[in-house]
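**Student:** Just so you know, the sequence shown maps onto residues 1 to 567 in the UniProt record's numbering. First the structure, which I've put down as structure tokens, then a few questions once you've had a look.
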Amino acid sequence: MAVVSGSHASIDDTVISENVASNEGGGVFVSASTCRMDNSTLRANAALVDGGGVFVSGNLSMLTMTQVNILSNTAMLAGGGMAMELEAMVAQVEVKQVIFDGNHAGTNGGCMLVNAATQLRVGNSSFENCTASVGGAVFLQELPNSTELVMDNLQFAENHGSSNVSSNVFWEWSAGRDVPQCTNCTTSTSEPVLRSSPVKFVVWQRGEETEIMANVSSGEKASDPISYVAIDAYDQVVVAENSVSVYASDAEDGLLLSGQTGVLYSLDSGAVFTDLVLTGTPGKSYTFVLRPEASGWTGITLGVELLPCKAGEVHTAKDTCRMCEENYLKFDNSSIECTSCDDYDGIQCHGGASYEIKQGHWIAPNAKYCSSGVHEDTAEQCLLDRLYKCQFKEACTTEGEAQREGIGVEAVADIEVCNWQRYSSGVLCGSYLVLKCGDGFYGDPTLKECASCPSAAVVVSQVIFISLLITLIIILLFYMFFNNGSGEEERTRFAALATSRATIINTDSGIALLRINQARTAMGIFLGYIQVQLLPLNLSDEKQIFFVCPPGISWCILCQKFSGCKR
Numbered sequence: 001m002a003v004v005s006g007s008h009a010s011i012d013d014t015v016i017s018e019n020v021a022s023n024e025g026g027g028v029f030v031s032a033s034t035c036r037m038d039n040s041t042l043r044a045n046a047a048l049v050d051g052g053g054v055f056v057s058g059n060l061s062m063l064t065m066t067q068v069n070i071l072s073n074t075a076m077l078a079g080g081g082m083a084m085e086l087e088a089m090v091a092q093v094e095v096k097q098v099i100f101d102g103n104h105a106g107t108n109g110g111c112m113l114v115n116a117a118t119q120l121r122v123g124n125s126s127f128e129n130c131t132a133s134v135g136g137a138v139f140l141q142e143l144p145n146s147t148e149l150v151m152d153n154l155q156f157a158e159n160h161g162s163s164n165v166s167s168n169v170f171w172e173w174s175a176g177r178d179v180p181q182c183t184n185c186t187t188s189t190s191e192p193v194l195r196s197s198p199v200k201f202v203v204w205q206r207g208e209e210t211e212i213m214a215n216v217s218s219g220e221k222a223s224d225p226i227s228y229v230a231i232d233a234y235d236q237v238v239v240a241e242n243s244v245s246v247y248a249s250d251a252e253d254g255l256l257l258s259g260q261t262g263v264l265y266s267l268d269s270g271a272v273f274t275d276l277v278l279t280g281t282p283g284k285s286y287t288f289v290l291r292p293e294a295s296g297w298t299g300i301t302l303g304v305e306l307l308p309c310k311a312g313e314v315h316t317a318k319d320t321c322r323m324c325e326e327n328y329l330k331f332d333n334s335s336i337e338c339t340s341c342d343d344y345d346g347i348q349c350h351g352g353a354s355y356e357i358k359q360g361h362w363i364a365p366n367a368k369y370c371s372s373g374v375h376e377d378t379a380e381q382c383l384l385d386r387l388y389k390c391q392f393k394e395a396c397t398t399e400g401e402a403q404r405e406g407i408g409v410e411a412v413a414d415i416e417v418c419n420w421q422r423y424s425s426g427v428l429c430g431s432y433l434v435l436k437c438g439d440g441f442y443g444d445p446t447l448k449e450c451a452s453c454p455s456a457a458v459v460v461s462q463v464i465f466i467s468l469l470i471t472l473i474i475i476l477l478f479y480m481f482f483n484n485g486s487g488e489e490e491r492t493r494f495a496a497l498a499t500s501r502a503t504i505i506n507t508d509s510g511i512a513l514l515r516i517n518q519a520r521t522a523m524g525i526f527l528g529y530i531q532v533q534l535l536p537l538n539l540s541d542e543k544q545i546f547f548v549c550p551p552g553i554s555w556c557i558l559c560q561k562f563s564g565c566k567r
């Protein structure tokens, strides 16, 4: 029987049986029409596609069934008893006091298939002995969120899903669709009315499935509620008829679960943990288990990545992160101790990784390498060891701006203190001058600070003393030469060589000396004492020595030490 193209049909006190359709609707076919059935029976009808007993489709279709028996109908595909594939703007189906018994579908919905509808009401009906691969009794497929779905006072008995997926009602999950509910519904088995098997749990955060939990700090509550839902092999969210207890427990050593470790699986939101606390080593990954106490439900092992401690925090013995207090410094999270700033006057530590360099102090530019991991000390200790004080206030120039505050060792990467440049008159750090000395001060690379230049009287005294010492050594050399027993030929060669290659140069240019075998010990002591720069000049195979001071320096012996002083 077909009701199509806007027709209206009423079927009362009628038996429709043993019909076969090559497509849909073995007993009754309704398309874009209105059909009412009362006190009737659909028995042993078959369809080679969908809807063995009844098939409804098309826009503006309306079907009302009251006190109807749908018995032993078969569909090769879906909807053994009846199939509704409406996909319509306006489509209403009402089923009340209907008995579904002994219907079969090859795929989905042994008694009933529902695919889209504006309004579907099923009440005071029974579903018995129906079979299908999925959804032994009812298969709810792709219901939009706008569908008004009411299932009330339904009885389910001896229905079977051959693939062991939902013997009673199977709901195919749709995005944005609330989980359907069946109120006042009963079943002859322990299986919930609306569920499927096998059931697995997944983490469900913000509507997306995930297997790894992130943004969880050790020893603290998770920043967001941790939601778990049960789904089946078809991603169908499973609804428990009765509340199911769900427990979270650790799956490996080192992870401790506390707080709210057990919740109830609710009908509308699954299992939601709002106060679960996971404690383990910060920055380490762990696994834990979610175990539901329900027959046929399986648990799931989940991964969690605990957040590492932040810069300025240390890992405590209780596997939590603690921020370093005031007057302590910490740039990374590699150790369990904060570095004290008590022994360093030039820095104010605000706690954590924050610090402030005090006026009158400076940090060597190579402190930026403290974060490279090439130093044995911690990054903060490396930085503190490169903190220096200006010995004299007037020695530090005011050129350039020093970065005085920072968070983390990277903050010193581009520090410029006192306009550091390559000068000889300043404090060196490696091959760079990092503190330019003012007038009257000279840079002491050994002390790494500006030292006061000596007075003129001290300089003159040193020059006179060294000049007398040089004269004495020269006299000693000649004395040793003329009394060493050498022959006339050797003395003549030495005199000629001394006249042509060795002279006493004025103090503006430097001093040249000749070392012979007899004077090596005396010259070694002399050179070590005055600490001047040596430049070798070959005089013969065995006799060589020549040293000068840099050009433009009028007092040679002090040229190395006080080159920044102007006289």
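Every residue, glycine too, gets a C-beta built ideally from N, C-alpha and C. A quick note: this is a predicted structure, and the numbers were derived from the prediction, not measured.
1) Please confirm whether Met37 and Thr66 have their CB atoms less than 9 Å apart.
2) Leaving out the 5 sequence neighbours to the left and right, which residues in its chain are closer than 8 Å to Ser249 when beta-carbon positions are compared?
3) To the nearest angstrom, report how far apart Glu313 and Gly352 are at their CA atoms.
4) Keeping to the same chain, check which residues put their C-beta closer than 7 Å to that of Ala222; ignore five residues upstream and five downstream.
5) Please state whether the Cβ-Cβ distance between Ala32 and Ser57 is less than 9 Å.
6) Compute the Euclidean distance between the alpha carbons of Gln348 and Lys310, then round it to the nearest angstrom.
7) For the ligand GTP, any of its heavy atoms closer than 8 Å to the Cβ of Ser17?
8) Mind checking who Lys96 pairs with in its DSSP beta bridge?
9) When the distance is taken between beta carbons, is Ser17 closer than 9 Å to Ala44?
10) Leaving out five residues on either side along the sequence, give the residues of the same chain with a beta carbon under 6 Å from the beta carbon of Val28.
11) To which residues does DSSP link Met37 through a beta bridge?
12) Provide the residue span of the beta strand (DSSP E) that contains Ala248, from first to last.
13) Tell me whether Ala457 sits in a helix, a strand or coil according to DSSP, three-state version.
14) With a threshold of 7 Å on Cβ separation, who are the neighbours of Ser431 within its own chain once the five nearest residues in sequence on each side are excluded?
15) Check His160 in the structure and name its three-state DSSP category.
16) Take Asn327 and list the residues in its own chain whose beta-carbon comes closer than 6 Å to its own, dropping the five residues that flank it on each side.
17) Tell whether a beta-carbon distance below 9 Å holds between Thr107 and Asp152.
18) Near Leu307, which residues of its chain fall below 6 Å by C-beta distance, leaving aside the five closest residues on each side in sequence?
19) Using the Cα positions of Asp332 and Leu387, report the straight-line distance between them to the nearest angstrom.
20) Please state the DSSP three-state secondary structure of Tyr479.
21) Does DSSP classify Ser5 as helix, strand or coil?
22) Check whether the Cβ atoms of Met62 and Gln92 sit closer than 9 Å, and answer yes or no.
23) Secondary structure at Cys321, three-state DSSP: helix, strand or coil?
24) Bridge partners for Ile473 per DSSP, in chain order?
25) Count the other CB atoms within 10 Å of the CB of Glu24; is the residue buried (16 or more) or exposed (fewer)?
26) Would you tell me roughly how many angstroms separate the C-alpha atoms of His104 and Val272, rounded to the nearest one?
27) Is the Cβ-Cβ distance between Thr274 and Asp319 less than 9 Å?
28) Would you mind giving the Cβ-Cβ distance between Phe127 and Asn159, rounded to the nearest angstrom? I have them listed as a contact below 8 Å.
29) Going along the chain, which residues of its own chain have a beta-carbon closer than 6 Å to the beta-carbon of Gly136, five neighbours each way excluded?
30) In whole angstroms, give me the CA-to-CA distance for Ala21 and Val49.
31) Taking all protein chains shown into account, do 16 or more other C-beta atoms lie within 10 angstroms of the C-beta of Ser125, making it buried, or fewer, making it exposed?
32) Could you pull out every residue in the same chain whose Cβ sits closer than 6 Å to the Cβ of Glu293, ignoring the five residues on either side in sequence?
33) Glu380 lies in the alpha helix (DSSP H); which residues open and close that run?
34) My guess is that Pro180 and Leu149 are in contact by the Cβ rule of under 8 Å, so how many angstroms apart are they, rounded?
35) If you draw a straight line from the alpha carbon of Cys35 to that of Gln97, how long is it in whole angstroms?
36) Taking the continuous beta strand (DSSP E) assigned at Ser260, which residues delimit it?
**Tutor:** Let me spell this out:
1) yes
2) Leu257, Thr261, Phe288, Val289 and Arg291
3) 6 Å
4) Val216 and Leu276
5) yes
6) 21 Å
7) Inclusion of the ligand GTP in the displayed structure is not the case, the ligand content being empty and no account of it being possible.
8) Thr66 and Gly123
9) Yes, they are a contact pair.
10) Met1 and Val54
11) Ile11 and Met65
12) Val244 to Asp250
13) helix
14) Low local confidence applies: a pLDDT of 37 at Ser431 is under 50, so the model's placement there is unreliable, and no value is given.
15) strand
16) When the five nearest sequence neighbours on each side are left out, the beta carbons in the same chain lying within less than 6 Å of the beta carbon of Asn327 are those of Cys341 and Cys349, in order along the chain.
17) no
18) Ser217
19) Take the alpha-carbon of Asp332 and the one of Leu387: they are about 19 Å apart.
20) helix
21) coil
22) yes
23) strand
24) Per DSSP, none; premise fails for Ile473.
25) So Glu24 counts as buried.
26) As the crow flies, the alpha-carbon of His104 is around 38 Å from that of Val272.
27) Against a cut-off of 9 Å, the Cβ pair of Asp319 and Thr274 comes out as no contact.
28) 6 Å
29) Gly110, Cys130, Asn159, His160, Gly161 and Ser167
30) 8 Å
31) buried
32) Ser245
33) Ala379 to Leu384
34) 6 Å
35) 17 Å
36) According to the sequence as given, residue 260 is Gln; it is not Ser. No beta strand (DSSP E) contains Gln260, which DSSP labels as neither H nor E.
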